[in-house]
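One rule links them: number in our numbering = place in the sequence shown (from 1) + 5.
Virtual Cβ for every residue (Gly too), placed ideally from N, Cα, C.
A quick write-up on the structure given underneath.
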Amino acid sequence: MGKSCFSDEITRGVWRLSIRCDKYDYHKFGVIESSHLEQSKTGYLEDLAWSSVFYLNWGAVFQNRKEIAEGNQQPNNNSVVTIELDMNRHTLVLFVDGQRQPHSLANISQKVRFALFMFYTNRYADILNFEEVSAPK
Numbered sequence: 006m007g008k009s010c011f012s013d014e015i016t017r018g019v020w021r022l023s024i025r026c027d028k029y030d031y032h033k034f035g036v037i038e039s040s041h042l043e044q045s046k047t048g049y050l051e052d053l054a055w056s057s058v059f060y061l062n063w064g065a066v067f068q069n070r071k072e073i074a075e076g077n078q079q080p081n082n083n084s085v086v087t088i089e090l091d092m093n094r095h096t097l098v099l100f101v102d103g104q105r106q107p108h109s110l111a112n113i114s115q116k117v118r119f120a121l122f123m124f125y126t127n128r129y130a131d132i133l134n135f136e137e138v139s140a141p142k
C-alpha cells in the first residue's frame, strides 16, 4: 500500500509546493484538514479523504471525496507539479510544468497541511520547492 507525507500545519499566508515524481501512477497531491490528520489511525490518505482537497495524477480534482472537475493536464513522468495554497483567499491552484490548470479549488479549511500520497512502492517524489511567498502567481 502507499505512503503519505505531510507538512507542518498552515493557517496563514501563500505557500507553494513543487514536486517531481519519477512516474505519475495513482498519486494524489493537495492539502488535508489538520484536525482530521490527528484523528486518523493509520495516516493513510484513504482514511483522510473526507477532509481533503486533492489533485489526482489523471487531472481530476476532488474535495471531501467528491469529484469537482476533470480537465486539468495529466502530468507526464518527471513533470513538475506545483500546488499553490492561498490561505488569505482559502484557495488551491494547480500548475503542471509551469502552466496554470483550469480547475482550482476554493473553501479550503482554516488549518491544513500539504500532503502527497503515492500508492505504489518503488516510486519516488522529489520536493523541489516548498516556500511561503509574498503573493499568488
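In chain order, 26, 27, 28 place their CB closer than 7 Å to the CB of residue 128, counting only its own chain and leaving out the 5 sequence neighbours on each side. According to the DSSP secondary-structure assignment, residue 102 is paired through a beta bridge with no residue. Restricting attention to 108, 111, 87, the CA atom closest to the CA of residue 101 is found in 87.
When the five nearest sequence neighbours on each side are left out, the beta carbons in the same chain lying within less than 6 Å of the beta carbon of residue 22 are those of 88, 119, 135, in order along the chain. DSSP places residue 23 in the strand class (E or B) of the three-state scheme.
Counted as a single uninterrupted DSSP element, the stretch harbouring residue 94 is not any beta strand (DSSP E), since DSSP gives it neither H nor E. Of the residues assessed, residue 33 falls on the buried side of the cut-off, its CB having 16 or more other CB atoms within 10 angstroms. Judged by DSSP secondary structure, residue 68 falls within the beta strand (DSSP E) whose first and last residues are 66-68. The beta-bridge partner set that DSSP reports for residue 87 consists of 23, 100. Within the model, the alpha-carbon separation for residue 93 versus residue 117 is close to 13 Å.
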